[in-house]
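Following full-length UniProt numbering, the numbering of the sequence shown begins with 1 at its first residue and continues without gaps. Heads up, the beta-carbon is just placed ideally off N, CA and C, and yes, glycines get one too. Since the structure is predicted, the reported quantities are computational estimates derived from the model, not experimental observations.
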Amino acid sequence: MNLYKEIINFIFATYGLLMIPNVCTQRQEDIEDIKASNDNGEEKKSNSQTFHFGVHLTLNSCVERSHKHVCKSVVNENGKTKTVSITRQCCHGYGRRNDGDVTKTCEKLNLVSVMETSEKLGAKEFVKSAKHNQLEDMLTKKNVTLFLPTDASFTEFSEQMFESNLVVLPQVARRRRSTEGDYLSGFTSKDLALNHIVDDWIDIHDIENEQILQTQYENLTIRMNIYPRPPNDNSYEYMYRYTANCAPLVKVNEMAENGIVHMIDRVLTPVTKNLMELVRSRSDMAVLRTVLEKTNLADLLEKETKHFTLFAPNDKAFGKLNEHLRKTIKNGNECAMNIIKNHILEMSFCSVAVVDGVRTSAENSLGLKLNLERADASNDETSENEIADLTGIKSILINGKAKILETDIIGTNGILHVIDTVLPTESGLPISSMLQSQNLTVFGELIEYGGFADEFDDMMNVSFFVPKDDAFEGNKWVNMLKENPNELKGNAELKSFLMYHIAKPLTKTCDLTEEVIKTENGNGLRVNLYSTHSVLNNVMNRATINCARLVHFDDISCGSVVHQVDRVLTPPTTNLLGALEANENYSMFLRLIQKSNLTHMLDDVNQNLTMLVPTNDIFRELKEFYDELLENRNQLERFIRLHILDDVLCCAGIVQTQWPFVRVVKTINDYELRISRDRRPKIANAGITKCDIIAKNGIILEINDVIN
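What follows is the structure, encoded as structure tokens:
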């Protein structure tokens, strides 16, 4: 018989505390008229008109938790949805041990009053304050949940309030944060006590992250948050850490006759201001207040329907920035908005979420990851958190750069942390700062010494194609930068040179197409795309600009994107015909073209051709063949067409391949030429001895043999 009862108890305990002693059942039923909901502007979830055909659909689901069993039934019938929830849990005064043993049933608990329970848990000072303020009837005759500070934290807090002459409390002690008094002006000790009391039983298992609880003090709120415990932390009964207005719960679910007591490690001060109001109330955040208002982010931080975390730089933090960046931020443009958004999380993030020895990450409103970790405070700056210094608690660093000076300042719509450094983000940096951060110093110095920094920083919706520093070797501008930098000031030729590296619009590499794009000085840049894959020839994974290879790309700054190229870009001054005429070493090939009457093709600005040009030395070695070409018009024209490709082929587009994965390009007479690379790029039987001579309507590749 006993075995039978144990089996039954095991089944019932495992599957929802069904029909066993000391289990209470609560039934809740809601009916929603789907048609009425749709008429009120709500989105209709289904196009089927079930009310016409009498369709009956029932969905059932059950959830087993450690302290309750909840079954939900949803019935859709004739245009109405009925939801029935049945909750079975131990009746008040009974409970199951939280030891993971599912065979345990509801056992009677030895409960006493909330007041007595609070005293046993170490909240005697709070109880004294409650009695002093005639709250004993409320705490004995109503069902309540208390979030109570320990005696040590309560007396520490009340002493500061006494010293500040803000409230009169039975006990006095010292509070860590001097600014706390500003938030408490006008509140009494009774107000503070009521701010820790919530109606009804609030079991910790039923708490959801970001849940808002209303207190007995003018319906002010407590925000509940849930965070995972650190790895290897097995010292606690519960697998999660819970906070109430960022105060960690140190003891939870202590049952009393008429309520539940949760112990916290600090006093909960009344929360009356939203995040923007908190910023406005501080004398050390004048710059942040101005920027938030100019960027309209102030409206966002005033919304009560959402919750945020603001890592708020103080005025000293903004003072660390260079003059131009400070000016950019104060102007409140798109750059400033991106910089400030880098400091905002669309979630509540309490300092307790960051534990020693573990790096914690959170995503900000730009979709970027912020890394937070605890580290020893630097010696060059005195910490403003006295308690943290005295107790040895490590400071919190964000991205290894900004230190949190004040933690967990609670607003009605989120949390504010004061930081000592503005968090940089590339999307908020002007181009001058971006060039510096990417070590593109030569291009940046040319802009600076030319006096063009403000103009370039104000550019919006542009793409920068910036040569790496080593690409400037031997360039006249870098020589002038070293020898006579003062001559660069206002230099019109230098400005045109720099402008040739800038094009509209802002284009990331994923959006590049083969085309000629206009630069800021009015000339064109030719974009070409190539594949380096052996098999997937149609997958373009290499890009060139005027045959300069993109070696680093897609660095987003404010209003622009930076792509790095491996050579300086110079606008072509002539077409293909002119390029041949300008080089004496190509005169014999030019004579063949003139003889074949194909000069019109090389003079056409609408063409995009590649010319494979043997030098005069090659033709001198093949003098007999050369003379035959001059005498045979048909053979000559075929020969010339064999040396012209109907597309632009830069050397960067010729990669090493192995049989059977051969690559070919077509000439203008549809003849296929194999391209490959070993020591140097090759086309058919000829090696390329000089790459990428840029013309307005194509390029020239110098080769060491004639194509046959």
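When the options are compared against residue i, the one with the closest alpha-carbon
| i | options | result |
| --- | --- | --- |
| residue 69 | 87, 60 and 83 | 87 |
| residue 352 | 588, 704, 460 and 240 | 240 |
| residue 345 | 372, 332 and 333 | 372 |
| residue 248 | 259, 255, 233 and 225 | 225 |
| residue 523 | 570, 636 and 481 | 570 |
| residue 309 | 319, 332, 347 and 123 | 347 |
| residue 210 | 269, 516, 412 and 464 | 412 |
| residue 399 | 405, 418 and 423 | 423 |
| residue 493 | 452, 462 and 526 | 452 |
| residue 354 | 230, 133, 497 and 109 | 230 |
| residue 426 | 342, 291 and 131 | 342 |
| residue 243 | 410, 683 and 109 | 410 |
| residue 579 | 595, 565, 560 and 599 | 599 |
| residue 76 | 30, 92, 105 and 121 | 30 |
| residue 667 | 194, 280 and 683 | 683 |
| residue 153 | 265, 606, 449 and 687 | 265 |
| residue 530 | 631, 595, 650 and 448 | 650 |
| residue 207 | 157, 194 and 222 | 222 |
| residue 454 | 189, 442, 212 and 432 | 432 |
Residue i, buried or exposed, once every other Cβ within 10 Å from all chains shown has been counted against 16
| i | result |
| --- | --- |
| residue 477 | buried |
| residue 706 | buried |
| residue 703 | buried |
| residue 350 | buried |
| residue 126 | buried |
| residue 95 | buried |
| residue 149 | buried |
| residue 54 | Bear in mind that a pLDDT of 48 at residue 54, under 50, signals an unreliable position, so the number given afterwards is only what the model happens to contain. Under this definition residue 54 is an exposed residue. |
| residue 438 | buried |
| residue 563 | buried |
| residue 228 | exposed |
| residue 681 | buried |
| residue 619 | buried |
| residue 699 | buried |
| residue 306 | exposed |
| residue 460 | exposed |
| residue 417 | buried |
| residue 58 | exposed |
| residue 109 | exposed |
| residue 420 | buried |
| residue 511 | exposed |
| residue 558 | buried |
| residue 212 | exposed |
Identified DSSP bridge partners for residue i
| i | result |
| --- | --- |
| residue 663 | 675 |
| residue 607 | For residue 607, which the question treats as bridged, DSSP gives no partner whatsoever. |
| residue 275 | DSSP lists no partner for residue 275. |
| residue 152 | Its beta-bridge partners do not exist; DSSP assigns none. |
| residue 416 | 310 and 409 |
| residue 29 | 84 |
| residue 560 | 462 and 557 |
| residue 147 | 262 |
| residue 58 | 75 |
| residue 225 | 243 |
| residue 549 | 544 |
| residue 251 | 263 |
Beta-carbon proximity check, residue i vs residue j, cutoff 8 Å
| i | j | result |
| --- | --- | --- |
| residue 271 | residue 220 | yes |
| residue 697 | residue 604 | yes |
| residue 701 | residue 610 | yes |
| residue 469 | residue 488 | no |
| residue 655 | residue 544 | no |
| residue 338 | residue 428 | yes |
| residue 408 | residue 430 | no |
| residue 592 | residue 640 | yes |
| residue 434 | residue 555 | yes |
| residue 647 | residue 547 | no |
| residue 652 | residue 567 | no |
| residue 114 | residue 140 | yes |
| residue 576 | residue 509 | no |
| residue 257 | residue 112 | yes |
| residue 695 | residue 572 | yes |
| residue 202 | residue 145 | yes |
| residue 506 | residue 516 | no |
CB contact below 8 Å: residue i versus chain C
| i | result |
| --- | --- |
| residue 123 | The structure shown contains no chain C, having only a single protein chain. |
Any non-hydrogen atom of the ligand COA within 7 Å of residue i CB
| i | result |
| --- | --- |
| residue 625 | The ligand content of the structure shown is nil, which means the ligand COA is not present either. |
Kindly provide the ranges of any alpha helix (DSSP H) runs that are 4 or more residues long and lie completely inside the stretch 313-367, ordered along the chain. If only uninterrupted alpha helix (DSSP H) runs of at least 4 residues are considered, those enclosed by the stretch 313-367 are 315-319, 323-331 and 334-341.
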